[in-house]
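2 protein chains.
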Amino acid sequence: MTAGRVVFVGAGPGEADLITLRGARRLAEADVVLVDALTDPALRAMAPQARWIDVGKRGYGAATRQAAIDAMLIAQARAHRLVVRLKGGDPSLFGRLEEELQALAAAGIACEVVPGVTAALAAAADTRRPLTRRGSGRSVSLATAMTRTGALQAGRHADTEVFYMAGRQLGALARALRRAGWPEDTPASVVSRAGWPDRLASDHRLADLAAAALLHGGRPTVVTVGAGAQAVAAVDGPSAAEAGTDGPAAAGAVHGWAHAPAP
Amino acid sequence: MTAGRVVFVGAGPGEADLITLRGARRLAEADVVLVDALTDPALRAMAPQARWIDVGKRGYGAATRQAAIDAMLIAQARAHRLVVRLKGGDPSLFGRLEEELQALAAAGIACEVVPGVTAALAAAADTRRPLTRRGSGRSVSLATAMTRTGALQAGRHADTEVFYMAGRQLGALARALRRAGWPEDTPASVVSRAGWPDRLASDHRLADLAAAALLHGGRPTVVTVGAGAQAVAAVDGPSAAEAGTDGPAAAGAVHGWAHAPAP
């Protein structure tokens with residue numbers, strides 16, 4: 014039989030309703046869904062007809078796991094009409110999409126990519142802190158704090174820098190940023206579980222960024238540094254805090270949400 | 014009466030179904046929607062109950078227009094329960110969100126931000142070219158090619174650089190990138206109308222990037238340079254082109270879609 018099609022769908026970084034309408038429509042048509050561990054279990058309700066396969070389980074090496082996912086994608090596409098490969102955030106950013114596209118191309122299987130909301134944008138939305146700012150914030154850099162080999166990398170490349178998967182090495186990240194020329198009073202906004210109801214945000218300066226590890230420890234964490242980390246203050250009139258938006262941040266200020274913001 | 018609430022919603026960069034489920038839900042609850050010119054008119058079907066106000070019209074200066082939008086947001090929030098401010102792409106990236114948040118904070122009006130898919134991610138999805146790559150593509154920079162004052166800026170900041178609103182100065186952008194140290198054979202992927210059915214993509218090297226202006230002239234254009242601009246090739250097996258994915262790009266290759274890809 015003719016092989017089916019694989020659609021990579023970005024689930025967004027948090028709650029199920031951050032997926033796009035197009036992504037939800039592909040899920041509703043899927044025969045099989047291969048899913049990572051970090052996505053919201055509530056997404057399953059969008060594809061009750063499909064067989065769901067969790068490929069995010071730990072316990073063996075990353076390379077083995079990737080080869081196993083590639084092989085399973087190919088096998089499922091050969092047996093079904095539509096296979097959805099559901100990835101947290103956006104598939105094109107830090108999602109190992111390249112490896113899976115290469116394997117499918119080698120097997121002669123057609124594919125499509127449906128984009129999604131990436132964690133940096135969810136963190137900016139959660140904290141109401143635009144990544145670009147008038148005059149001072151023209152460029153944004155997105156990077157992981159750690160390389161594949163475990164080396165930490167940080168520089169001064171853009172007005173706003175966002176680091177993914179930064180939770181475990183906040184002290185080292187702060188030191189690397191200071192070595193790269195960022196002043197120690199540079200604002201840093203740390204958000205863990207961005208896009209989820211239990212998201213947590215805290216405000217720091219590079220000088221005290223290490224302290225955020227205690228607060229966010231063990232949770233998926235995004236760190237925004239520079240222009241886009243600053244709280245947006247009211248221009249004249251009542252304070253932002255009174256208006257229900259975050260006011261200018263004191264160093265170390267913590268914002269937690271036990272529940273989603275007012276619907 | 015108590016002022017209502019303003020929800021900034023990212024509509025995504027193209028067709029209406031690139032909005033998130035959460036964004037669509039807010040639209041369905043809105044009393045008023047303030048919308049930019051670039052968003053898909055089909056979004057109106059998601060909020061037939063609301064009054065739609067187009068604030069994207071041209072004809073007067075940017076500063077006047079922004080002040081008028083700020084004033085209208087405040088006036089509408091004071092008269093209604095829920096005002097949606099619908100922006101193309103994601104509100105936190107190149108969306109002038111800061112100005113509108115400041116104005117609302119000054120007026121004591123509560124707000125929420127619902128993130129969206131940004132054009133760089135839609136362009137990557139349309140061309141099936143992940144912005145991050147194994148080994149060679151760890152960081153991504155997002156910037157506008159032009160500053161507010163009309164100056165062109167380009168550097169070499171990340172493994173993959175994406176420029177928004179770059180359609181009119183592709184030759185100048187290529188020259189600036191070469192001055193910043195990018196080799197003239199660096200791959201560049203140009204996508205206009207990313208996320209729309211009539212999107213158009215072409216492959217270049219910096220040396221011939223200027224030629225893309227003819228093809229994409231007058232259309233909203235995203236330019237991706239570096240690691241993430243390279244087509245993903247099959248690893249062994251049949252060529253990617255046979256598999257329905259783009260093969261390795263010849264310089265100047267053009268990919269057009271008269272219609273949306275197979276649903």
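Line by line, the protein sequences give chains A and B.
Read in order, the letters of the first sequence correspond to residues 14 to 276 in the working numbering.
Read in order, the letters of the second sequence correspond to residues 14 to 276 in the working numbering.
Glycine included, every Cβ here is placed at the ideal spot set by N, Cα and C.
Chain B within 8 Å of residue i, Cβ atoms only
i: A/H93; result: no
i: A/G129; result: yes
i: A/P61; result: no
i: A/V235; result: no
i: A/V126; result: yes
i: A/I66; result: no
i: A/L34; result: yes
i: A/V267; result: no
Length of the line joining the Cα atoms of residue i and residue j
i: A/A189; j: A/R78; result: 31 Å
i: B/R57; j: A/T145; result: 28 Å
i: B/P196; j: B/R169; result: 11 Å
i: B/L183; j: B/V203; result: 10 Å
i: B/T15; j: A/G108; result: 44 Å
i: B/A60; j: A/A90; result: 37 Å
i: B/G17; j: B/A120; result: 11 Å
i: B/R39; j: B/P143; result: 30 Å
i: B/A224; j: B/V235; result: 15 Å
i: A/A171; j: A/R64; result: 43 Å
i: A/D211; j: B/A137; result: 30 Å
i: B/L110; j: A/D216; result: 20 Å
i: A/P231; j: B/T131; result: Checking the sequence shown, residue 231 of chain A turns out to be Gly, not Pro. About 28 Å.
i: A/V267; j: A/A214; result: 6 Å
i: A/L134; j: A/I122; result: 32 Å
i: B/Q62; j: B/A41; result: 8 Å
i: A/A55; j: A/A201; result: 32 Å
i: B/C124; j: A/D30; result: 19 Å
i: B/T237; j: A/L99; result: 24 Å
i: A/D198; j: A/I82; result: 44 Å
i: A/G148; j: B/L155; result: 16 Å
CB contact below 8 Å: residue i versus chain A
i: B/Q182; result: no
i: B/A271; result: Because the pLDDT of B/A271 is 44, which lies under 50, any placement of that residue in the model is unreliable, and the number read from its coordinates should be weighed accordingly. False, the Cβ-Cβ gap to chain A never drops below 8 Å.
i: B/E197; result: no
i: B/V245; result: yes
i: B/Q115; result: yes
i: B/T52; result: no
i: B/L190; result: no
i: B/V204; result: no
i: B/G25; result: yes
i: B/R218; result: no
i: B/A156; result: yes
i: B/V170; result: Note that residue 170 of chain B corresponds to His in the displayed sequence, not to Val. Output row for B/H170: interface = yes.
i: B/V46; result: no
i: B/L228; result: no
i: B/A119; result: yes
i: B/D211; result: no
i: B/D49; result: no
i: B/P200; result: no
i: B/T15; result: no
i: B/L86; result: no
Three-state secondary structure assigned by DSSP to residue i
i: B/P54; result: helix
i: B/W209; result: coil
i: B/E113; result: helix
i: A/T140; result: helix
i: A/G194; result: coil
i: A/P251; result: At A/P251, the pLDDT of 42 sits below 50, so the modelled position is not reliable; the number obtained from the coordinates is stated separately. Coil, per DSSP.
i: B/R78; result: helix
i: A/E125; result: strand
i: B/L95; result: strand
i: B/R38; result: helix
i: A/H229; result: helix
i: B/R342; result: Summary: the structure shown does not reach residue 342 of chain B, with chain B confined to residues 14 through 276, and so no result is reported for it.
i: A/A266; result: coil
i: A/H182; result: Inspection of the sequence shows that residue 182 of chain A is occupied by Gln rather than by His. If DSSP states are grouped into helix, strand and coil, A/Q182 belongs with the helices.
i: B/A88; result: helix
i: A/D103; result: coil
Residue(s) in a DSSP beta bridge with residue i
i: A/I66; result: A/L47
i: A/S279; result: Outside the displayed range of chain A (14 to 276) lies residue 279 of chain A, so it cannot be described from this structure.
i: A/D216; result: A/S202
i: A/F176; result: A/A156, A/V236
i: B/F21; result: B/R98, B/V126
i: B/T33; result: A/T33
i: A/L165; result: A/M159
At a cut of 8 Å, does the region 237–249 of chain A reach the region 114–121 of chain B through at least three beta carbon pairs?
yes
Would you be able to state if there are at least three C-beta pairs under 8 Å between the region 86–97 of chain A and the region 46–62 of chain A?
yes
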